[in-house]
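Number 634 in full-length UniProt numbering belongs to position 634 of the sequence shown; there are no gaps in the numbering.
Below: the structure, in structure tokens.
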Amino acid sequence: MSASPMSSMDGADGLDIMFDNNSDAECTVVTVEGKDKAHLLMSLTGGFSTAGLTVISASITSDDGRVLDVFRVQTADGKKVPEDQFPSVREHILSVTATTSRSSMPAIYGIVAAAEVERLKPLRSQSTQNDVDALELAAAEMAQAAAELVSTERDIIRMRAGNADSRALQAKEASRTEAAAGLERKMAAMQAVLAARRNLATEPEKPKSPTEKLLETLKPPTPARAAAGAGSGSGSEILLQAFNWESHRQKLYKQLQGRVKDISDAGFTGVWMPPPSDSVSPQGYLPRDLYSLDSAYGSEGELRELITAFHQNNIKVIADIVVNHRCANSQGSDGKWNKFGGRLAWDASAICSNNPSFGGRGNPKQGDDYAAAPNIDHSQERIRNDIVQWMKYLRNSIGFDGWRFDFVRGYLGSYCKQYIDETVPAMAFGEYWDSCEYTDGVLNYNQDAHRQRTVNWCDSTGGTSAAFDFTTKGILQEAVGRREYWRLVDSQGRPPGVMGMWPSRAITFIDNHDTGSTLNHWPFPSRNLPEGYAYILTHPGTPCVFYDHFYQEENNLRKAILDLLKVRRRNGINARSKVVVKKSAADVYAALIDDKVAVKLGPGDWSPNHQGIKVNGKELKVSVSGFQFAVWEPQQ
């Protein structure tokens with residue numbers, strides 16, 4: 001046998017992992033040998049799953065504390081694992097088995113729980129898994145996780161009573177944190193299963209008569225909430241964030257001039273541009289002289305020419321408005337940086353009084369502090385008037401069509417409302433970014449409180465501004481990265497982000513210059529990027545595609561985005577489109593959009609044609625597919 005081994009020992013407790021693509025005609029054979037430990041088999045199979053591999057069969061041998069396990073695996077598309085992926089898969093398996101190792105559980109019920117999980121585990125790979133099976137499996141896994149936590153707690157009590165070594169105790173306490181996180185994850189999964197059972201218990205809607213269908217089409221659309229103002233524009237907007245964190249190095253305005261036609265042909269209706277003003281930082285987020293539009297991205301003249309080119313191709317241009325803070329040009333009489341230059345020659349009286357490092361003499365800050373620069377006091381009418389006049393200049397003279405408000409947690413939404421009302425943009429949206437809800441380091445299933453805070457901010461603007469849907473980003477990347485697709489529906493059967501509460505005010509996205517790019521503060525799993533775009537480009541809300549992703553050929557990402565954009569435009573999917581979640585389980589999510597476009601995420605099996613879903617009496621056809629996703633639309 002000619003094998004392609006990738007093996008090394010990971011210390012005394014490590015595993016030797018070897019890959020072989022030659023001995024089996026259909027599968028890659030993976031041999032795992034080493035010291036046994038609690039739940040190793042579960043960790044291994046889970047590791048293969050999260051690596052995007054399907055276990056076809058397994059031979060398990062355990063003797064005298066050691067294991068020799070042989071797995072036959074395939075990729076999601078039923079092929080052998082490419083040899084160039086062996087190292088990354090191996091590292092992933094080692095990582096998973098290292099971070100999920102557990103202490104032994106109490107014999108009374110811990111072993112029983114583990115046995116139940118082993119018995120029910122094959123249900124995960126069955127596409128016909130019913131609600132009772134899913135509930136039973138979730139209950140068994142939760143019981144096992146609870147037993148692990150109890151066992152760890154008891155070990156800690158015994159170690160403390162026996163004056164155990166401090167290092168050993170610290171290690172055990174770290175295991176307790178891990179066990180608590182594992183239990184939280186299983187509890188979240190159980191919560192999702194119970195929610196799905198409540199939703200699925202609803203009687204199916206009776207078929208409508210032709211008359212009822214006609215009357216329904218004549219009804220005016222009813223948004224999730226009533227609001228006036230710019231918001232997300234017409235509802236059919238598709239945005240491109242036309243920069244990343246390093247774009248200032250490429251003379252962005254000139255670079256984009258050569259890409260206007262490409263952006264237009266792709267179907268984008270708007271581009272979000274970086275902050276246009278003179279700035280201490282080249283990225284523009286520490287603005288100084290607001291009226292000076294010669295920046296690291298290019299000159300004012302180049303900016304005007306670029307906006308004209310976009311307008312000639314029917315593309316709106318959105319300016320990044322940074323008005324929570326502003327950097328001074330020089331030091332004041334107190335030796336602090338609070339003397340501003342240019343046409344807006346403010347002094348320390350324009351700075352919030354609880355900004356002592358900059359000698360602020362204005363009113364106290366009404367929102368979150370931004371420590372890197374003087375925080376501007378928006379409560380003063382003269383300051384707001386100055387900001388309005390500057391924004392009118394950007395709108396009427398420079399040609400910007402709308403606003404993206406940076407760091408809106410720093411000042412009241414009512415001030416944004418004034419800026420929007422007085423400048424009349426085509427669309428406006430804010431960056432209300434706060435942390436999702438976590439327990440023991442695990443993302444909670446229920447993120448209602450998180451998305452409600454975003455909705456409350458939109459409300460505070462009188463509904464005139466939309467906001468980035470950070471809730472959807474957090475849930476979506478957790479779902480695809482950990483194969484927890486049950487997260488993609490809330491307890492009421494709706495999408496779990498802002499798009500499920502107020503879709504016309506949800507700007508959906510996968511990454512931006514902060515979360516991705518070179519900063520990588522909170523990146524989306526790279527291999528799942530096409531899958532993520534399959535979600536936001538087929539669902540309600542206003543999608544915003546990241547510049548880096550649009551021009552990334554790797555993993556066929558650019559092609560997937562282009563194809564998905566065509567599906568969205570061809571079928572008229574918009575910010576208020578209707579979503580009916582058809583399935584939401586551990587390994588698969590499926591939904592029907594506007595009763596005509598079907599989408600599936602995850603490695604699990606699902607097809608609208610197997611469910612009897614038809615449009616105009618015809619089955620749907622696959623129009624876009626890729627790693628762990630597929631989209632169907634009506635036949636022409």
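For every residue, glycine included, the Cβ atom is placed at its ideal position computed from N, Cα and C.
Supposed contact pair residue j and residue i - C-beta distance, whole angstroms, cut 8 Å
i           : j    : result
C27         : V73  : 6 Å
I593        : V579 : 6 Å
W606        : K614 : Contact flag wrong, Cβ pair sits at about 16 Å.
residue 643 : Y285 : Since the first residue shown for the chain is 1 and the last is 636, residue 643 is missing from the structure and cannot be characterised.
L290        : S277 : 5 Å
V32         : V81  : The Cβ separation is near 14 Å, so there is no contact.
N338        : F310 : 37 Å between Cβ atoms; not a contact.
S465        : G231 : 7 Å
E633        : N571 : 6 Å
CB contact below 9 Å: residue i versus chain B
i    : result
V150 : Absent here is chain B; the protein component of the structure consists of one chain.
Span of the alpha helix (DSSP H) around residue i
i           : result
V567        : L557 to R570
Y589        : Segment Y589 to I593 is the beta strand (DSSP E) holding Y589; no alpha helix (DSSP H) there.
residue 643 : Residue numbering for the chain in the displayed model covers 1 to 636; residue 643 lies beyond these limits and cannot be assessed.
D421        : G413 to T423
I613        : Run containing I613: none; DSSP gives neither H nor E here.
W457        : D448 to S460
T471        : F470 to R482
M391        : E381 to Y393
Q312        : E300 to Q312
G532        : L529 to I536
Nearest to residue i (by Cα), restricted to the options the options
i    : options                   : result
I573 : R505, V271, V388 and D595 : D595
R343 : L293, G359 and I536       : L293
H513 : H521, I507 and A506       : H521
G399 : V317, W346 and T454       : V317
V631 : Y533, R576, E554 and N616 : Y533
S175 : N385, Q257 and T152       : T152
S295 : A58, V408 and Y253        : Y253
G430 : T31, N385 and V322        : V322
S584 : D368, T308, P530 and R483 : R483
G413 : G402, D368 and P274       : D368
T508 : R167, K392, G235 and D459 : G235
E300 : A164, A242, S397 and P87  : S397
P275 : Q389, G162 and L394       : L394
C416 : T439, T308 and V388       : V388
F86  : D20, N385 and K618        : D20
Residues near residue i by beta carbon distance below 6 Å, same chain, minus five either side
i    : result
L218 : Note that L218 scores a pLDDT of 49, beneath 50, so its modelled location is shaky; the value from the coordinates is reported in the next line. Taken in chain order, the list of residues that qualify is empty.
W563 : This sequence places Asp at residue 563; Trp is not what is there. Excluding residues within five positions, the ones whose Cβ falls inside 6 Å are V624.
K365 : C352, N354 and N375
N616 : none
D401 : K316, V317 and A426
G233 : A426 and M427
W433 : F470
Extent of the continuous beta strand (DSSP E) run through residue i
i           : result
residue 637 : Residue 637 lies beyond the stretch modelled for the chain, which goes from 1 to 636, so this question has no answer here.
P543        : T542 to F546
S584        : V579 to S584
N338        : W337 to K339
E633        : F629 to E633
S264        : First-last for S264: V260 to A266, but that is the alpha helix (DSSP H), not the beta strand (DSSP E).
Q255        : Where Q255 is concerned, there is no enclosing beta strand (DSSP E), although the alpha helix (DSSP H) it sits in stretches over L252 to Q257.
D377        : No beta strand (DSSP E) holds D377; DSSP gives it neither H nor E.
L15         : L15 to D20
8 Å Cβ shell around residue i - same chain, five flanking residues per side excluded
i    : result
R568 : I238, G267, L537, T538 and P543
R527 : G52, N555 and F627
I315 : V260, I263, S264, F268, T269, G270 and V271
Own chain partners of residue i with C-beta closer than 7 Å, once the 5 adjacent residues on each side are dropped
i           : result
R451        : T471, G497, V498 and M501
W245        : Q283, H513, S517, T518 and L519
R487        : A192, Y445, I475, E478, A479 and P496
S379        : N363 and Q366
L529        : I510, H549, N555 and L557
Y485        : A479, S584, A585, A586, D587, V588, Y589, L601 and G602
Q552        : R558
T128        : For T128, the predicted structure reports a pLDDT of 42, less than 50, and the residue's modelled location is therefore unreliable. A value from the coordinates is still provided. Excluding sequence neighbours, T128 sits near nothing in its chain.
L306        : Y253, L256 and Q257
residue 648 : The structure shown does not extend to residue 648, since the chain spans only 1 to 636, so no value can be given for it.
Any 3 or more C-beta pairs closer than 8 Å across the segment 489 to 504 and the segment 543 to 552: no
Contact between the segment 321 to 329 and the segment 367 to 384 (3+ Cβ pairs under 8 Å): yes
Three or more C-beta pairs below 8 Å linking the segment 74 to 94 and the segment 18 to 27: yes
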